[in-house]
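Beneath this line is the structure, given in structure tokens, with notes to follow.
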Amino acid sequence: MNGSAYTHTRSSLHHHFPVFSVNMAASMASQAAARGLRTATSKRFLLDKRKGTCSTPRRWLNLQEYQSKKLMQESGVAVQRFYVADTASEALEAAKRLNAKEIVLKAQILAGGRGKGVFDSGLKGGVHLTKDPAVVGELANKMLGFNLTTKQTPKDGVKVKTVMVAEALDISRETYFAILMDRACNGPVMVGSPQGGVDIEEVAASSPELIFKAADQIKRLYDLFLKVDATQVEVNPLGETPEGQVVCFDAKINFDDNAEFRQKAVFAMDDMTESDPTETEAAKWDLKYIGLDGNIACFVNGAGLAMATCDIIDLHGGKPANFLDLGGGVKERQVYEAFKLLTADPKVEAILVNIFGGIVNCAIIANGITKACRELELKVPLVVRLEGTNVHEAKRILTESGLPITPAENLDDAAKKAVAAIRK
Numbered sequence: 001m002n003g004s005a006y007t008h009t010r011s012s013l014h015h016h017f018p019v020f021s022v023n024m025a026a027s028m029a030s031q032a033a034a035r036g037l038r039t040a041t042s043k044r045f046l047l048d049k050r051k052g053t054c055s056t057p058r059r060w061l062n063l064q065e066y067q068s069k070k071l072m073q074e075s076g077v078a079v080q081r082f083y084v085a086d087t088a089s090e091a092l093e094a095a096k097r098l099n100a101k102e103i104v105l106k107a108q109i110l111a112g113g114r115g116k117g118v119f120d121s122g123l124k125g126g127v128h129l130t131k132d133p134a135v136v137g138e139l140a141n142k143m144l145g146f147n148l149t150t151k152q153t154p155k156d157g158v159k160v161k162t163v164m165v166a167e168a169l170d171i172s173r174e175t176y177f178a179i180l181m182d183r184a185c186n187g188p189v190m191v192g193s194p195q196g197g198v199d200i201e202e203v204a205a206s207s208p209e210l211i212f213k214a215a216d217q218i219k220r221l222y223d224l225f226l227k228v229d230a231t232q233v234e235v236n237p238l239g240e241t242p243e244g245q246v247v248c249f250d251a252k253i254n255f256d257d258n259a260e261f262r263q264k265a266v267f268a269m270d271d272m273t274e275s276d277p278t279e280t281e282a283a284k285w286d287l288k289y290i291g292l293d294g295n296i297a298c299f300v301n302g303a304g305l306a307m308a309t310c311d312i313i314d315l316h317g318g319k320p321a322n323f324l325d326l327g328g329g330v331k332e333r334q335v336y337e338a339f340k341l342l343t344a345d346p347k348v349e350a351i352l353v354n355i356f357g358g359i360v361n362c363a364i365i366a367n368g369i370t371k372a373c374r375e376l377e378l379k380v381p382l383v384v385r386l387e388g389t390n391v392h393e394a395k396r397i398l399t400e401s402g403l404p405i406t407p408a409e410n411l412d413d414a415a416k417k418a419v420a421a422i423r424k
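Have a look at this one:
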């Protein structure tokens, strides 16, 4: 990644990206980095401030490291030689086949912080270096089938089912590089830092002047970004070997879920085993669900309204049990399935329905609620606030149902009544 290589890369991409001054590029890139690096965890931060803990940080497609590296290989991006193993014996054979001076063994889970994680087998660290293939087999035996806990996993960790056995290469220079879909720039932004490796978020926060807009191998990575409808392609670190070879040592790719219809091969790689079962079931019905640790279930249409509902519950001394967004085109079956999910949570002691019907027809919601209450034999207090399209018909349906439903005039009233129902 010398000066001439940098100049050539930047020149070849001039028609794709506008050219900025160094200061302007650094400023924009550092802001993009701060936004982009929060993408995977922003939902957790929003929910944490309501004193709830997100049961899982993901709903969207999220590939394992080895899967991302395979996509990079297919686009001509340089990565280490590697194999994937599901058993300790396979890991041992892979290490022998590599015939490398040094080998790196990596546990494959979706959470970050693997290198500093701990297994319930007693093994410390999900990333290990060794020159002995036999040690690879021994280490894999302490990884596979055991839970790895990191700063990004649930407290009990995540079971490791696959390991990646790769050639370890010397790195003479380590950098960070990513392509992010940035809303402020109305398109992709390339972000790089001469300080690669771990804790890039801290670099973006404490040393924004080290963030710059450029990197080697950018053309192929950008082609990959476009080809797979990515929202982020992150390489950390992007390293240079003593021989001058530039290699992507760690890879992370996020995708636009709206492109699933034309990225069937990519989405077929999705591993749902690390997803929360309730969240997975919710997705089948086009419900956006995130479990929290409270006891008041929220049933809301619209992400913003759902977050506001969680806030109001917290304001009045309650704790939300979930974030659930019904979306716009709601059908009675979705309402029923949503109630099934909420009532299956043993922590739930009350349910708050908060619907503002713009696109949503409140009468459909009301019919779904009454059906669910009867068929599921609802045993917890139910507070319902409805406003908007066909609301008078919806209120009539609920009133004439004869079900023990507590009506609310507005969101504040609904939250107070839900919290009071728990305290009775």
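Per full-length UniProt numbering, the very first residue in the sequence shown carries number 1; after that it's consecutive.
Note that beta-carbon positions come from the ideal geometry of N, C-alpha and C, so glycine has one too.
From a predicted model like this one, the values you see are computed outputs, not experimental measurements.
Spatial neighbours of residue i in its chain, beta-carbon cut-off 6 Å, leaving aside the 5 residues before and after
| i | result |
| --- | --- |
| PHE177 | GLY192, ALA215, VAL235, LEU238 |
| GLU240 | MET1, SER172, ARG173, VAL246 |
| LEU326 | ASN301 |
| GLY317 | VAL419 |
| GLN181 | The question names Gln, but residue 181 is Met in the sequence shown. So the qualifying residues of the chain are PRO188, THR231. |
| GLU421 | Contrary to the premise, residue 421 reads as Ala rather than Glu in this sequence. Correct list, in chain order: ALA350, PRO381. |
Nearest-angstrom Cα separation, counted from residue j out to residue i
| i | j | result |
| --- | --- | --- |
| GLU377 | ASN361 | 24 Å |
| ILE253 | ALA344 | 34 Å |
| ASN322 | ALA394 | 24 Å |
| GLY117 | LEU342 | 33 Å |
| SER75 | VAL380 | 54 Å |
| ALA40 | GLU281 | With a pLDDT of 38 at ALA40, under the threshold of 50, the modelled position of this residue cannot be trusted; read the value that follows with caution. Taking the straight line joining both Cα atoms gives about 21 Å. |
| LEU411 | PRO346 | 25 Å |
| GLY358 | ALA306 | 15 Å |
| GLY113 | VAL136 | 20 Å |
| ALA29 | ALA184 | Note that ALA29 has pLDDT 42, beneath the 50 cutoff, so the model's placement of it is unreliable and the number below is only indicative. ALA29 and ALA184: Cα-Cα distance of roughly 11 Å. |
| SER89 | VAL330 | 50 Å |
| PRO194 | ASP250 | 16 Å |
For residue i, the residue or residues it bridges with in DSSP
| i | result |
| --- | --- |
| CYS248 | VAL79, LEU238 |
| residue 429 | Outside the shown range of the chain (1 to 424) lies residue 429, about which nothing can therefore be said. |
| ALA366 | For ALA366, which the question treats as bridged, DSSP gives no partner whatsoever. |
| TYR289 | LEU324 |
| PHE339 | DSSP output for PHE339 lists no bridge partner at all. |
| PHE356 | GLU387 |
| ARG173 | GLU240 |
| LEU129 | VAL104 |
| PRO188 | MET181 |
Residue i vs residue j beta-carbon contact at 8 Å
| i | j | result |
| --- | --- | --- |
| ALA408 | ARG423 | no |
| ALA205 | PHE82 | no |
| ILE364 | GLU332 | yes |
| ILE296 | ILE313 | yes |
| GLN334 | ASP286 | yes |
| VAL158 | LEU144 | no |
| GLU274 | ILE109 | yes |
| ALA366 | LEU398 | yes |
| LYS101 | LYS69 | no |
| GLN152 | ALA111 | yes |
Spatial neighbours of residue i in its chain, beta-carbon cut-off 7 Å, leaving aside the 5 residues before and after
| i | result |
| --- | --- |
| VAL84 | TYR66, THR162, MET164 |
| LEU169 | GLN80, THR241, VAL247 |
| VAL77 | GLN217, ARG220, LEU221, LEU224, CYS248 |
| LEU61 | PHE255, ASP257, PHE267, ASP270 |
| THR389 | GLY357, GLY358, VAL360, ASN361, CYS362 |
Cutoff 8 Å; reference residue i; Cβ partners in own chain excluding five residues on either side
| i | result |
| --- | --- |
| ASP339 | Position check: residue 339 holds Phe in this sequence, whereas Asp was assumed. Excluding positions up to five away in sequence, the list reads PHE299, ILE351, GLY368, ILE369, ALA372, CYS373, LEU376, LEU378. |
| ARG97 | TYR83 |
| LYS142 | PHE119, SER121, GLY122, LEU123 |
Would you mind listing the alpha helix (DSSP H) stretches within the UniProt domain "ATP-grasp" (69-115) that are 4+ residues and don't spill past its ends, in chain order? You should have 88-98.
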